[in-house]
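Enquirer: Which chain is which? The protein sequence lines are H, S and C, in order.
Numbering-wise, the first sequence is residues 3 to 291 according to the numbering used here.
Numbering-wise, the second sequence is residues 50 to 307 according to the numbering used here.
Numbering-wise, the third sequence is residues 660 to 977 according to the numbering used here.
Where a beta carbon is used, it is the ideal one built from N, C-alpha and C, also for glycine.
Remember, predicted model here, so these are calculated numbers, not experimental data.
One structure is given below, represented as structure tokens, and several questions about it will come after.
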Amino acid sequence: MNSFLLALLNSLDIGLLLFIIAVGLNIVFGVLGVINFAHGALYMLGAYLAYAGIVGLGLPFWVTLLLAPLVVALLAVAIDRGMLHFIYGREIADSLLLTFALLLILNESIRLIWGNGIHTVEPPWPLQGTIAMPGGLRYPSYSAFVLLVGLLTLLGLWLLFSRTRLGKIMRAAAQDPEMAQTLCINTRRVITATFAFGAWLAALGGVVAAPMRAIDPGMGDKIIIESFIVVVIGGLGSFPGALAGALVLGLIHGLGGRYLPQLDLILPFVGMALVLLVRPHGLMGARRV
Amino acid sequence: MNGPPLLVVDRLCKRFGGVSAVADMDLTVPAGETLAIIGPNGAGKTTFYNLLSGRMKPSSGRITLRGRDITGLPPHRISRLGVSRSFQINNIFTEMTVRQNVEVAVTAKQGQSRRWANRASANRVVQQEAQSLLQQLGIAHLGAQPAGTISYGDKRLVEIAVVLATRPELVLLDEPTAGMTPEETARIIAMVRALAKTGRYTFLVTEHDMRVVFDVADRILVMHHGRELALGPPEAIRSNPDVRQAYLGDEETELVPA
Amino acid sequence: MKRLATALTLLLILGLLVALPRITPYFYIFIGTQILIMGLFAASFNLVFGYTGMLSFGHAAFFGTGAYATALLLQGLQWPLLACLLVSFVAGTVLALAIGALCVRLDEVYFAMLTLAFGMMVYGVAHQWRSVTGGSDGISGFSVGTLGLGIDLTLGNPAVYYYVVLAIVVVAGAALYRICNSSFGLVLQAIRQNPERVAFCGLNIRTYRLAAFTIAGGFAGLAGGLMAPFLHVASPDLAHWTMSAEPVLMTILGGSGYFLGPFLGAAIFVLLETWITSITQAWMLFLGIILALMVIFFRRGVLGTALVAIRRRRSGTS
């Protein structure tokens with residue numbers, strides 16, 4: 003029973019971290035209509051910047067948690083203005099190709115700057131221990147922290163979209179770009195802001211994940227595939243779908259990792275394939291008219 | 050014009066959220082008839098076409114073609130059953146030549162689309178049929194031109210050629226003469242009347258140009274707010290007070306004076 | 660007149676390819692073999708992308724599978740090469756049918772995403788399934804024995820292998836060309852330009868898309884099967900998304916609107932890669948930058964841009 007509870011907590015942990023990353027992908031798709039293939043690379047960049055800040059510059063974890071996502075967001079603005087801007091209005095395939103090119107560029111740049119090796123980052127001092135839980139379990143404090151960040155992100159996003167003007171503008175631009183333009187909403191700026199926000203979320207995920215994962219040039223690949231699976235299971239463009247998909251994938255990893263470890267690689271894909279067969283647009287995706 | 054009805058529409062509804070784009074449409078169309086559908090913008094004509102051609106699924110109601118229930122079938126199935134439609138905005142293959150546009154439709158219709166080892170440019174059977182269609186519509190001289198580079202009116206003619214190439218029984222024309230010169234419009238009218246006279250085609254034609262409507266229609270259906278407002282032969286519609294009222298203030302349509 | 664010019668150009672290229680081992684330094688035999696194999700790989704991708712309008716980022720799944728199929732057969736059963744290649748072709752076809760059936764029903768964004776994901780799944784399986792695929796080391800230690808059909812050749816000789824690859828790629832390319840120019844190919848091109856219109860002509864576009872994807876998977880598998888003996892190893896990298904990126908870039912480089920575009924792109928790509936990797940480690944970075952620049956500024960590729968320029972000059976001087 004205890005091990006089951008632990009596996010469940012693990013699932014929640016993994017799921018919420020996945021949510022932070024996948025929701026950024028979803029938001030960018032919702033407004034730009036494009037999947038950013040480089041999203042995983044931005045997450046990885048966040049993790050590497052955390053490493054650079056903590057180990058390289060000796061900064062406290064909390065400072066990098068604040069700064070790294072901002073740096074990546076600024077980079078995203080530059081990318082949008084310098085690259086994506088050119089193909090705005092062209093067919094979708096061109097945008098997909100461009101974000102794919104961006105993926106190559108970012109991946110290799112990171113590899114060139116930091117090398118092929120694995121780096122690690124320690125969790126910040128107050129979070130290095132474990133917490134006592136009912137039933138004599140001990141749960142890593144940092145994992146609890148990740149849970150907290152995930153919940154705060156969820157709450158923050160929900161508030162953003164339902165309460166703030168910016169959130170409503172983003173939703174409007176997502177649902178009807180032409181209408182948004184006629185209402186004099188500066189769509190170009192909304193697009194840049196959305197792209198930067200998505201990058202910020204990805205990098206935030208990266209910084210948060212850094213003390214928990216091995217930081218290596220392959221981590222971007224892994225997370226982008228995971229994000230895709232989340233988004234396919236939950237439904238592209240759906241905010242609750244991203245949460246649902248993330249939790250499902252978290253469960254697959256948490257429970258699958260405990261009880262069927264040899265299938266851990268293939269289970270997520272099987273889950274995705276099942277959803278594709280039964281509900282191609284995801285558990286909560288919109289069906290076409 | 051006698052015989053079993055080709056198309057029967059039974060209490061057809063399409064709702065988007067709380068709005069009914071099409072509400073409780075009942076219609077029976079005998080084979081060989083030319084039925085014009087008129088109504089102000091937003092009356093639901095295009096939605097009605099979308100439902101008939103399978104582009105949208107109805108919220109409720111039934112559509113029957115030759116006694117066969119086609120409600121909710123996908124577009125390609127309905128097309129195979131003999132329904133073909135044109136679109137308001139040109140829906141052709143702009144990167145192909147005019148001739149290739151029609152050849153695609155003919156290839157599909159004649160079951161040639163699975164041939165993977167022939168030379169499409171040497172497919173005599175397909176080419177002859179395509180050529181004759183182009184000639185019928187008077188655009189054979191444009192055969193080798195990329196369809197994206199020809200005039201708007203000619204593009205509409207290509208669209209109609211593609212529609213007819215699948216040898217449909219029921220043809221849904223969505224504002225076929227919009228944006229055409231008088232000469233082109235006359236050509237379309239002549240074509241529709243000639244085809245209708247053979248008795249092998251049933252036309253539904255939505256139009257804003259009343260002269261075209263009164264020229265080709267056996268009956269006229271007036272739609273308003275997604276419902277049928279009036280249905281009958283042209284003279285009856287012309288003198289119908291409800292129809293006049295619906296059109297008051299609508300600048301685009303003028304009923305042709307009797 | 661135009662057809663004569665095209666035919667002559669093709670004959671000239673073919674002639675050069677045949678003469679290559681005689682007229683260039685030894686090293687270029689390897690370059691040539693690589694260009695031919697990658698050209699076929701890219702051309703199979705272009706059937707899906709340039710002709711049918713579907714952007715797949717997981718095409719290497721079939722390439723890698725084909726490589727493993729041939730490698731395993733050569734290592735375990737020492738089959739003649741042609742038999743191995745046939746199996747590679749079939750393996751690619753079957754895998755493409757399975758993956759395609761799941762992916763083809765959805766729009767292009769989903770499709771791009773899913774093909775990448777499933778491609779990486781194949782990579783993951785190749786990487787983890789040590790007992791069958793040799794894990795991250797892959798399959799090695801095999802040699803090519805006979806060609807098959809009673810033809811006696813020393814396939815271990817790079818120049819001989821080059822000619823075999825040339826023959827197979829020309830035959831496969833011709834088959835692919837035939838498919839692209841058939842009535843089926845016409846329908847595929849129509850689907851790329853206006854899928855809805857094709858549906859309204861009475862065709863189930865999903866079936867045609869799946870057929871194109873499956874055929875392309877087969878030819879990619881064949882290319883992979885040719886690659887394994889060339890590299891003397893079948894490794895998981897051959898299914899990684901970075902490998903899927905290569906036909907994408909080659910096709911964009913050469914021009915997705917033309918049958919020979921991917922082959923030209925493969926030639927440019929391989930030559931560029933050879934040159935740049937001799938100078939720096941950052942080849943992938945250049946790959947990404949070049950792809951970005953091509954997509955933004957030269958979307959029609961080298962062939963497309965050149966042909967447009969020629970046409971413009973001709974109409975300008977007349």
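By the DSSP assignment, the beta strand (DSSP E) with Lys-106 of chain S in it spans what residues?
Expert: Taking the second sequence and counting its residues from 1, one reaches residue 106 of chain S at position 57. Neither: Lys-106 of chain S is in no beta strand (DSSP E) and is coded neither H nor E.
Enquirer: In or out: Pro-306 of chain S buried (at least 16 other Cβ within 10 Å) or exposed?
Expert: Translated into positions along the second sequence, residue 306 of chain S becomes position 257. Note that Pro-306 of chain S scores a pLDDT of 47, beneath 50, so its modelled location is shaky; the value from the coordinates is reported in the next line. Looking at its Cβ environment, which holds fewer than 16 other Cβ atoms inside 10 Å, Pro-306 of chain S is exposed.
Enquirer: What residues in its chain sit with their C-beta under 8 Å from that of Gly-815 of chain C, if we drop five residues either side in the sequence?
Expert: As a first step, residue 815 of chain C must be located in the third sequence, where it is residue number 156. These residues qualify, in order along the chain: Ser-802 and Val-803.
Enquirer: According to the neighbour-count rule (16 or more other Cβ atoms, all chains shown, within 10 Å of its Cβ), is Ser-13 of chain H buried or exposed?
Expert: Taking the first sequence and counting its residues from 1, the one referred to as residue 13 of chain H is at position 11. Answer is buried; the Cβ neighbour count reaches 16.
Enquirer: Which residue spans inside the segment 162 to 197 of chain S form an unbroken alpha helix (DSSP H) run of at least 4?
Expert: Qualifying alpha helix (DSSP H) stretches, in chain order: 173 to 185.
Enquirer: Taking the continuous alpha helix (DSSP H) assigned at Asp-766 of chain C, which residues delimit it?
Expert: As a working note, residue 766 of chain C is residue 107 in the third sequence. Unbroken run through Asp-766 of chain C: none, as it is neither H nor E.
Enquirer: Less than 8 Å between CB atoms is the rule here; does Ile-935 of chain C satisfy it with respect to chain H?
Expert: Translated into positions along the third sequence, residue 935 of chain C becomes position 276. It does not; no Cβ of chain H falls within 8 Å.
Enquirer: Under 8 Å Cβ-Cβ, which residues of chain C neighbour Asn-28 of chain H?
Expert: Here residue 28 of chain H refers to the residue found at position 26 when the first sequence is read from its first residue. Per Cβ cutoff of 8 Å: no residues; Asn-28 of chain H is ~12 Å from chain C at best.
Enquirer: Nearest-angstrom Cα distance between Phe-770 of chain C and Leu-108 of chain H?
Expert: The residue given as residue 770 of chain C occupies position 111 in the third sequence. The residue given as residue 108 of chain H occupies position 106 in the first sequence. Between Phe-770 of chain C and Leu-108 of chain H, the C-alpha separation is close to 23 Å.
Enquirer: Of the choices S:Gly-202, S:Pro-107 and S:Leu-76, whose alpha-carbon is the least far from that of Cys-62 of chain S?
Expert: The count along the second sequence starts at 1 and reaches residue 62 of chain S at position 13. If we check each option's Cα against that of Cys-62 of chain S, S:Pro-107 comes out closest.
Enquirer: Checking 8 Å against the spacing of the C-beta atoms, do Phe-197 of chain H and Asp-82 of chain H come in under that value?
Expert: Walking along the first sequence from the start, residue 197 of chain H turns up at place 195. Walking along the first sequence from the start, residue 82 of chain H turns up at place 80. Yes, the Cβ-Cβ distance between Phe-197 of chain H and Asp-82 of chain H is below 8 Å.
Enquirer: From the DSSP output, which residues share a beta bridge with His-274 of chain S?
Expert: Position 225 of the second sequence holds residue 274 of chain S. His-274 of chain S is not bridged to any residue.
Enquirer: Note down, in chain order, every chain H residue with its Cβ under 9 Å from the Cβ of Glu-905 of chain C.
Expert: In the third sequence, residue 905 of chain C corresponds to position 246, counting from 1. The premise fails here: Glu-905 of chain C is roughly 11 Å from chain H at the closest Cβ pair, so nothing lies under 9 Å.
Enquirer: Taking a cut of 9 Å between CB atoms, which residues from the segment 758 to 785 of chain C lie near chain S?
Expert: If the cut-off is 9 Å between Cβ atoms, the segment 758 to 785 of chain C has nothing near chain S.
Enquirer: I want to see whether chain H comes within less than 8 Å of Leu-944 of chain C, judged by CB atoms only; does it?
Expert: In the third sequence, the residue the question calls residue 944 of chain C occupies position 285. It does: the Cβ of Leu-944 of chain C has a partner Cβ on chain H nearer than 8 Å.
Enquirer: With Met-135 of chain H as the anchor, note down where its beta strand (DSSP E) starts and where it stops.
Expert: One-based indexing of the first sequence puts residue 135 of chain H at position 133. Per DSSP, Met-135 of chain H belongs to the beta strand (DSSP E) from 132 to 135.
Enquirer: Would a C-beta distance cut-off of 8 Å place Ala-876 of chain C and Thr-792 of chain C closer than the cut-off?
Expert: Here residue 876 of chain C is taken as the residue at index 217 of the third sequence, counted from 1. Here residue 792 of chain C is taken as the residue at index 133 of the third sequence, counted from 1. Per the sequence shown, the amino acid found at residue 876 of chain C is Gly instead of Ala. Contact flag unset, no.
Enquirer: Is there a C-beta anywhere in chain C that falls below 8 Å from the one on Ser-69 of chain S?
Expert: Along the second sequence, one-based indexing puts residue 69 of chain S at 20. No, no contact with chain C.
Enquirer: Go ahead and label Val-65 of chain H buried or exposed: buried means 16 or more other beta carbons lie within 10 angstroms of its beta carbon, across all protein chains shown.
Expert: In the first sequence, counting from the first residue as 1, residue 65 of chain H sits at position 63. The residue is exposed, with fewer than 16 neighbouring Cβ atoms inside 10 Å.
Enquirer: Is DSSP giving Arg-64 of chain S helix, strand or coil here?
Expert: Along the second sequence, one-based indexing puts residue 64 of chain S at 15. Of the three classes helix, strand and coil, the one that applies to Arg-64 of chain S here is strand, per DSSP.
Enquirer: Measuring only the C-alpha atoms, how far is Cys-839 of chain C from Ala-49 of chain H?
Expert: Taking the first residue of the third sequence as position 1, residue 839 of chain C is located at position 180. Taking the first residue of the first sequence as position 1, residue 49 of chain H is located at position 47. Their backbone Cα atoms lie some 46 Å apart in a straight line.
Enquirer: Take the Cβ of Ala-744 of chain C as the centre, count every other Cβ of all protein chains shown within 10 Å, and call the residue buried at 16 or more, exposed below.
Expert: As a first step, residue 744 of chain C is located in the third sequence; it is residue number 85 there, counting from the start. Residue 744 of chain C is actually Leu in this sequence, not Ala. Answer is buried; the Cβ neighbour count reaches 16.
Enquirer: Is the segment 261 to 268 of chain S touching the segment 72 to 83 of chain S in the sense that three or more CB pairs, one from each, lie closer than 8 Å?
Expert: Because the criterion of three Cβ pairs below 8 Å is met, the segment 72 to 83 of chain S and the segment 261 to 268 of chain S touch.
Enquirer: List the residues of chain H whose Cβ lies closer than 9 Å to the Cβ of Ala-941 of chain C, in chain order.
Expert: As a working note, residue 941 of chain C is residue 282 in the third sequence. Under the 9 Å cutoff, chain H gives Glu-110, Ser-111, Arg-113 and Leu-114.
Enquirer: If you measure between the beta carbons of Gly-152 of chain H and Ser-143 of chain H, is that distance less than 8 Å?
Expert: On the first sequence, position 150 is the one that residue 152 of chain H refers to. On the first sequence, position 141 is the one that residue 143 of chain H refers to. No.
Enquirer: Are any of the Cβ atoms in chain C nearer than 8 Å to that of Pro-263 of chain H?
Expert: Residue mapping note: residue 263 of chain H aligns to position 261 of the first sequence, counting from 1. Answer no: the Cβ-Cβ gap between Pro-263 of chain H and chain C never drops below 8 Å.
Enquirer: For Arg-117 of chain S, write down the residues that DSSP places opposite it in a beta bridge.
Expert: Looking up residue 117 of chain S in the second sequence gives position 68. Paired residue(s): S:Leu-114.
Enquirer: Met-272 of chain S and Gly-88 of chain S - do their beta-carbons sit closer together than 8 Å?
Expert: Walking along the second sequence from the start, residue 88 of chain S turns up at place 39. Walking along the second sequence from the start, residue 272 of chain S turns up at place 223. Yes; because the gap between Cβ atoms is below 8 Å, this pair is in contact.
Enquirer: Against Gln-787 of chain C, what residues of chain H qualify as contacts under a CB-to-CB distance less than 7 Å, listed in chain order?
Expert: By one-based count along the third sequence, residue 787 of chain C stands at place 128. Result: Leu-267.
Enquirer: Could you check what DSSP says for Pro-225 of chain S in three-state terms: helix, strand or coil?
Expert: Locating residue 225 of chain S in the second sequence gives position 176, where the first residue counts as 1. Pro-225 of chain S falls in the coil class under three-state DSSP.
Enquirer: For a test of the three-state rule: what should DSSP assign to Phe-252 of chain S, helix, strand or coil?
Expert: Within the second sequence, residue 252 of chain S is the residue found at index 203, counting from 1. Strand at Phe-252 of chain S.
Enquirer: Look at Leu-706 of chain C and Glu-767 of chain C and say whether their C-beta atoms are less than 8 Å apart.
Expert: Locating residue 706 of chain C in the third sequence gives position 47, counting from the first residue. Locating residue 767 of chain C in the third sequence gives position 108, counting from the first residue. No, Cβ-Cβ distance for Leu-706 of chain C and Glu-767 of chain C is not below 8 Å.
Enquirer: With distances taken Cα to Cα, identify the nearest neighbour of Ile-949 of chain C among C:Val-746, C:Val-907 and C:Leu-966.
Expert: Counting from 1 along the third sequence, the entry for residue 949 of chain C is found at position 290. Residue C:Val-907 is the option with its Cα nearest to Ile-949 of chain C.
Enquirer: Where do the ends of the alpha helix (DSSP H) carrying Ile-226 of chain H lie?
Expert: As a working note, residue 226 of chain H is residue 224 in the first sequence. Ile-226 of chain H -> alpha helix (DSSP H) spans 221 to 236.
Enquirer: Hey, Val-207 of chain S and Ala-196 of chain S are a contact pair by Cβ (cut 8 Å); roughly how many whole angstroms apart?
Expert: In the second sequence, counting from the first residue as 1, residue 207 of chain S sits at position 158. In the second sequence, counting from the first residue as 1, residue 196 of chain S sits at position 147. Sure, about 6 Å apart at Cβ, within 8 Å.
Enquirer: Exposed or buried, Lys-246 of chain S, counting other C-beta atoms within 10 Å across all chains shown (16 or more means buried)?
Expert: Counting from one through the second sequence, the residue named residue 246 of chain S turns up at place 197. When all chains shown are included, Lys-246 of chain S counts as exposed.
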